[in-house]
Amino acid sequence: MNKLSFDVLTLFPGILEGPLNESILKRAREKGLLGLRLWNIRDFTEDKHQKADDSPYGGEAGMVMKPEPIFRAIEQVKAAAPGERFLTVLLSPQGKVFDHAGAERLSRETRRIILLCGHYEAIDERVRQMLVDEELSIGDYVLTGGELAALVVIDAAARLVPGVLGDDESAYRDSFGDGLLDHPHYTRPAEFRGRKVPEVLLSGNHDAIWKWRRRESLRATLLKRPDLLETAGLTEDDRKVLEELKRDSKL
Ligand code: 4GX
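Using our numbering, read the sequence shown as starting at 4 and increasing by one per residue.
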């Protein structure tokens, strides 16, 4: 069994503790499918004030995370698992934007993944140069720290590890797998405040249900994220349905 494993380095481990100890991530850890260790960078400072940041050389606003505690932390993480290989990832807005393909790649990673979370404005450049293998961003906006980004990366990768989602949950693993948006879903009651569940879903005709869902996925994607259609895996039938949807929407 290839276990997905993260070592998260942060000044605020408390930000991650709650989410990692709930629901599917908690169960994945208990099942031994997901390894997670939190390391507080402050524990690797050596001065009496436990100083992890300092003002920038050259003078500008904000603080910069000092290199020494981060180097010591990463050296200790690596020393604690001799013979293991590591991939060190820095979360930052300068990184490559993390998407479903990125989540799949990390979910198959056999190296232990070190997630380095910066707080404050910046991190000393020598950390990036000497320790970081790759830089990931979860999107084009600025967070107060890398911790929430690390959680997003862990969550999106972990749910793709076989066995992490139960049988009932695993079907929805595919919703982005084919590059299309999800179709609408319904549960009981069959009529709610005058709104009926589409007849086809009650029909028991699985071929018709499959076709309806595919059509609704294509409709949602065309309407909300047409850019995804460029890279989605589309069949000849899909293209015909899309032409129909475009024609109908002009009426
Ligand atoms: N996707 N941030 C990191 C501090 C920082 C700055 C530079 C290292 C280098 C973010 C994002 C994000 C804000 C986390 C700045 N650390 N991280 N932080 N978007 O905005 O991942």
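For every residue, glycine included, the Cβ atom is placed at its ideal position computed from N, Cα and C.
Measuring alpha carbon to alpha carbon, tell me which residue in V244, V135, A153 is nearest G142. For the purposes of this step, residue 142 is taken as residue 139 along the sequence shown, with counting starting at 1. When each option's Cα is compared against that of G142, the closest is A153.
Could you tell me whether any non-hydrogen atom of the ligand 4GX is closer than 6 Å to the CB of I117? Along the sequence shown, one-based indexing puts residue 117 at 114. Checking the Cβ of I117 against the ligand 4GX gives no.
The ligand 4GX heavy atom lying under 6 Å from the CB of S8: Counted from its first residue, the sequence shown places residue 8 at position 5. No - the ligand 4GX has no heavy atom lying nearer than 6 Å to the Cβ of S8.
Do the segment 117–129 and the segment 158–174 touch if we need at least three Cβ pairs shorter than 8 Å? no
How would you call G149, buried or exposed, if buried means at least 16 neighbouring beta carbons within 10 angstroms? Along the sequence shown, one-based indexing puts residue 149 at 146. Buried: at least 16 other Cβ atoms inside 10 Å.
At a cut-off of 6 Å, would you count A106 as near the ligand ZN, judging by its Cβ distance to the nearest heavy atom? Looking for the ligand ZN in the displayed structure turns up nothing; the ligands present are the ligand 4GX.
Thinking C-beta only, is T48 closer than 7 Å to P72? The sequence position of residue 72 within the sequence shown is 69, counting from 1. The sequence position of residue 48 within the sequence shown is 45, counting from 1. Yes; because the gap between Cβ atoms is below 7 Å, this pair is in contact.
Which runs of the beta strand (DSSP E) spanning at least 3 residues fall entirely within the segment 177–222, listed in chain order? none
Those runs of the beta strand (DSSP E) which lie wholly inside the segment 142–174 and span at least 3 residues: none
Residues in its own chain within less than 8 Å of R228 by CB, not counting five upstream and five downstream? Locating residue 228 in the sequence shown gives position 225, where the first residue counts as 1. Excluding positions up to five away in sequence, the list reads L184.
K81 and G38 - do their beta-carbons sit closer together than 7 Å? As a first step, residue 38 is located in the sequence shown; it is residue number 35 there, counting from the start. As a first step, residue 81 is located in the sequence shown; it is residue number 78 there, counting from the start. No, they are not a contact pair.
Indicate the three-state DSSP secondary structure (helix, strand or coil) for P16 in the structure shown. Counted from its first residue, the sequence shown places residue 16 at position 13. Three-state DSSP puts P16 in coil, outside helix and strand.
May I ask you to check if the CB of I141 is nearer than 6 Å to at least one heavy atom of the ligand 4GX? Locating residue 141 in the sequence shown gives position 138, where the first residue counts as 1. Yes, the ligand 4GX has a heavy atom inside 6 Å of this Cβ.
Secondary structure at Q97, three-state DSSP: helix, strand or coil? Residue numbering aside, residue 97 sits at position 94 when the sequence shown is read from its first letter. It is a strand residue.
Any beta carbon from chain B within less than 7 Å of E246's own beta carbon? Reference to chain B is not applicable here, since this structure consists of a single protein chain.
From what residue to what residue does the beta strand (DSSP E) around G105 run? The residue you call residue 105 lines up with position 102 of the sequence shown. Segment 103–110 is the alpha helix (DSSP H) holding G105; no beta strand (DSSP E) there.
Within 6 Å: the Cβ of L163 and any heavy atom of the ligand 4GX? Position 160 of the sequence shown, counting from 1, holds the residue named residue 163. L163 Cβ: outside cutoff for every heavy atom of the ligand 4GX.
If you follow the beta strand (DSSP E) that L139 is part of, which residue opens it and which one closes it? Residue mapping note: residue 139 aligns to position 136 of the sequence shown, counting from 1. 137–140 is the extent of the beta strand (DSSP E) around L139.
Give me the Cα-Cα distance between L248 and D230, rounded to the nearest whole angstrom. Here residue 248 refers to the residue found at position 245 when the sequence shown is read from its first residue. Here residue 230 refers to the residue found at position 227 when the sequence shown is read from its first residue. One C-alpha to the other measures close to 16 Å.
Straight-line Cα distance separating T190 from R198: As a first step, residue 198 must be located in the sequence shown, where it is residue number 195. As a first step, residue 190 must be located in the sequence shown, where it is residue number 187. Computed Cα separation, rounded: 12 Å.
If you draw a straight line from the alpha carbon of D10 to that of R40, how long is it in whole angstroms? Along the sequence shown, one-based indexing puts residue 10 at 7. Along the sequence shown, one-based indexing puts residue 40 at 37. The alpha-carbon atoms of D10 and R40 are separated by roughly 5 Å.
Go through its chain and collect everything with a Cβ distance to A31's Cβ below 6 Å, but skip five positions before and after it. What you label residue 31 is simply residue 28 of the sequence shown in a count that begins at 1. Taken in chain order, the residues that qualify are L37, A161, V167.
Through-space distance from R222 to L19, alpha-carbon basis: Counted from its first residue, the sequence shown places residue 19 at position 16. Counted from its first residue, the sequence shown places residue 222 at position 219. Near 37 Å, if we compare the C-alpha coordinates of R222 and L19.
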